[in-house]
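Step one of this worksheet: look at the structure below.
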Amino acid sequence: MTSQVSSPAEQADGTDETVVGAQRKPVGAKDVRRLDRVIIRFAGDSGDGMQLTGDRFTSETASFGNDLSTLPNFPAEIRAPAGTLPGVSSFQLHFADHDILTPGDAPNVLVAMNPAALKANVGDLPRGAEIIVNTDEFTKRAMQKVGYDTSPLEDGSLDGYHLHPVPLTTLTVEALKEFDLSRKEAERSKNMFALGLLSWMYHRPTEGTERFLKSKFAKKPDIAAANIAAYRAGWNFGETTEDFAVSYEVAPAATAFPPGTYRNISGNLALAYGLITASRQADLPLFLGSYPITPASDILHELSRHKNFGVRTFQAEDEIAGIGAALGAAFGGSLAVTTTSGPGVALKSETIGLAVSLELPLLVVDIQRGGPSTGLPTKTEQADLLQAMYGRNGEAPVPVVAPRTPADCFGAALEAARIALTYRTPVFLLSDGYLANGSEPWRIPEPGELPDLAVQFARDPNHTLDDGTEVFWPYKRDPQTLARPWAVPGTPGLEHRIGGIEKQDGTGNISYDPANHDFMVRTRQAKIDGITVPDLETDDPDGARTLVLGWGSTYGPITAAVRRIRKEGGRIAQAHLRHLNPFPANLGAVLKRYDAVVVPEMNLGQLATLIRAKYLVDAQSYNQVNGMPFKAEQLATVLKEAIDG
């Protein structure tokens, strides 16, 4: 969905997570209450369609013009055990009439499709939150399965909340009785009933979802009609039932965005679009060599749809074959990409080292997840930084770029491509599961805003021997970038040898000479050290003495926490790294300006380790490795302690 926003102003009020200021106005027998933000969480079994429900609510919210941020959270199993706590799937959406940064700390509304969903999520709710429960699922057996000795709907344990008991399953089946469906088939549409109810409660548009359902089930028109009927029945239930006496309005975020055309986008989709755009800006075919792995597979799925843009996708038999094919494509003159997660990076490490030796452009996209080994496939983590920096044999330096938000994955892909093509090197792009699956509004850039990534291939000999013979030297370097020439195989007169064995400077001949090896190692390092990256920008309006330094997906929670502290009168500076190798040239000077530096990370302190080693700064780590992103309030508490200390 796209929407036009005309105001360039941005609101940053520092209250990123709190619902405030409600105004009432009567509409017939029901009131409409105006809010500035809402956090909703849909939760149920992994087969209940919670991700689809959340995605549709998100799409309609984006088309309405709200700022938003989402947090999908689901089990690793394709069909997790029904009715169990490990089998709960949830989707959280935070939307507002102003600029927001995170999916929110605590939901204002929980839609719980069964007892497991209620028990797994009720602890996150603030007192006074609304809970909509599907009472049909609260059978004695289902409640006992998750440890409820008595019904939480009747024992008073939910008295601190606004409880809405709704027989979602029964109402859905009743709404679909005119369709030739079994009860089991009809029950599958209960998520659409819930979506319709929430769409009424928050005045969401409905046309887009109905179009989506018609398209999704185009080959099964009866199923499409049944889902639309359930969706409308949920909307009508909200309109007519006495249990929901109030609906809510959250106005479009007209002041949150610069002018432009916007659409809702996830991190993986933004990254895929960034790769396609990079290939077009470089006028090179895009080749993806990949092996499916959560949470990176969506990039393969998306790129496979775009053959019309010169994209070739190869689903290999394993991780090693995927990167091997990609490196071969780079040798052949393509913008080459391989996508994976942490376990796949381990398998690809030898070929990444080969790419360092060959000095060919290659993008290694690592969508980080919980580890080690198989770890937590559907949960988020930032623990592959040191693997990206050092996870190869020998001295094999590789640039590292990390996006900060789902939409920023687009720009990070372009930046990674710029570095790879300009300096003839593999480049790591470190996203993570939180960014990959989360979504937010993205302003579609104008063509004139995109970087020129045009590449000049070697066409002619580049060296003259003492006897006057003109030859091609594959390791004769550009004096500015230290990049070697890129000669496409088959170019007349440019036959040359490349491979993993050390090469002689210039000629590319195999060399075991110690002095030559020392020179080549230092030259490859100097090439990476000399990459031009922007200086680090510091947000410090008040002359603070404490700096919070982040990287990657911690940007949203850190910024929300900083806003809270400043609103309360605290002074704190913020800086966020996109380039992790090489670091921005001014990073050392920035760090030395502050008495304290705090580095929050979803690992055990990997960036802090690098900062301490390189700059001899006593960086304080704050770490979390529970598979979930930081909460803003949690970080605000930690940063206040750092300021006071």
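Take the sequence shown: its position 556, counted from the start at 1, is 928 in this note's numbering, and no numbers get skipped.
The beta-carbon is built from N, C-alpha and C at its ideal position, and this holds for glycine as well.
Fair warning: this is a prediction, and the values are worked out from it, not measured in the lab.
- Annotated as distal: leucine 440 and phenylalanine 463, with beta-carbon spacing of 7 Å or more.
- Membership of alanine 727 in the alpha helix (DSSP H) is indicated by the continuous run 714-730.
- Between leucine 457 and lysine 491 the beta-carbon gap is near 7 Å, inside 8 Å, which marks them as a contact.
- Per DSSP, serine 811 is one residue of the beta strand (DSSP E) stretching across 811-815.
- Annotation for asparagine 445: Ser462 place their beta carbon closer than 6 Å to its own, counting only its chain and skipping 5 residues before and after.
- Closest in C-alpha terms to histidine 678, from the list Thr666, Ala701, Ile665, Thr649, comes Thr649.
- Annotation for serine 619: the continuous beta strand (DSSP E) segment containing it runs 618-622.
- Cβ-Cβ separation between glycine 725 and alanine 760: approximately 13 Å, too far for a contact (criterion under 8 Å).
- DSSP places tyrosine 927 in the helix class (H, G or I) of the three-state scheme.
- With 16 or more neighbouring CB atoms inside 10 Å of its own CB, valine 970 falls in the buried class.
- With respect to methionine 485, aspartate 420 sits close: the two C-beta atoms are nearer than 7 Å.
- Annotation: proline 823 to proline 857 spans about 21 Å, alpha carbon to alpha carbon.
- Under the 8 Å Cβ criterion, the region 712-719 does not count as touching the region 614-631, having fewer than three qualifying pairs.
- In the DSSP assignment, alanine 488 falls within the alpha helix (DSSP H) that extends over 487-493.
- Valine 618 and valine 772 have their C-alpha atoms some 50 Å from each other.
- Rounded to whole angstroms, the gap between the alpha carbons of valine 843 and alanine 859 is 13 Å.
- Here the alpha carbon of tyrosine 762 sits roughly 38 Å from the alpha carbon of aspartate 427.
- In this model, arginine 583 and alanine 605 are separated by some 17 Å (Cα to Cα).
- In the structure shown, the three-state DSSP call for phenylalanine 844 is coil.
- For glycine 532, same chain residues with a beta-carbon under 8 Å away, outside a window of 5 residues either side, are Arg499, Gly500 in chain order.
- Nearest in C-alpha terms to phenylalanine 681, of all of Ile671, Leu497, Leu658, is Leu658.
- The alpha carbon of isoleucine 739 has as its nearest neighbour, out of Leu802, Pro487, Gln1006, the alpha carbon of Leu802.
- For the region 736-820, the full-length beta strand (DSSP E) segments reaching 3 residues or more read 798-804, 811-815 along the chain.
- The C-alpha of phenylalanine 829 lies about 20 Å from the C-alpha of glutamate 787.
- DSSP places glycine 416 inside the beta strand (DSSP E), whose first and last residues are 409-417.
- Distance from the CA of alanine 785 to the CA of lysine 751, rounded to the nearest whole angstrom, comes to 22 Å.
- One Cα belongs to leucine 535, the other to leucine 482, and the distance between them is close to 10 Å.
- Taking 4 residues as the shortest admissible run, the region 848-907 contains the following complete alpha helix (DSSP H) segments, listed from N- to C-terminal end: 886-901.
- With fewer than 16 other Cβ atoms inside 10 Å of its own Cβ, histidine 575 counts as exposed.
- When beta bridges are read from the DSSP output, glutamine 687 appears opposite Ser662.
- DSSP, reduced to helix, strand and coil, places histidine 948 within a strand of the structure shown.
- Residue environment analysis places leucine 976 among the exposed positions, since fewer than 16 neighbouring C-beta atoms fall within 10 angstroms of its C-beta.
- When Asn599, Gly568, Ala654, Ala755 are compared, the shortest CA-CA separation from glycine 999 is found for Ala755.
- Bounds of the beta strand (DSSP E) holding asparagine 995 are 992-995.
- Per the C-alpha coordinates, the member of Phe800, Thr746, Lys964 positioned closest to leucine 758 is Phe800.
- Per the coordinates, the alpha-carbon of threonine 581 lies some 10 Å from the alpha-carbon of threonine 425.
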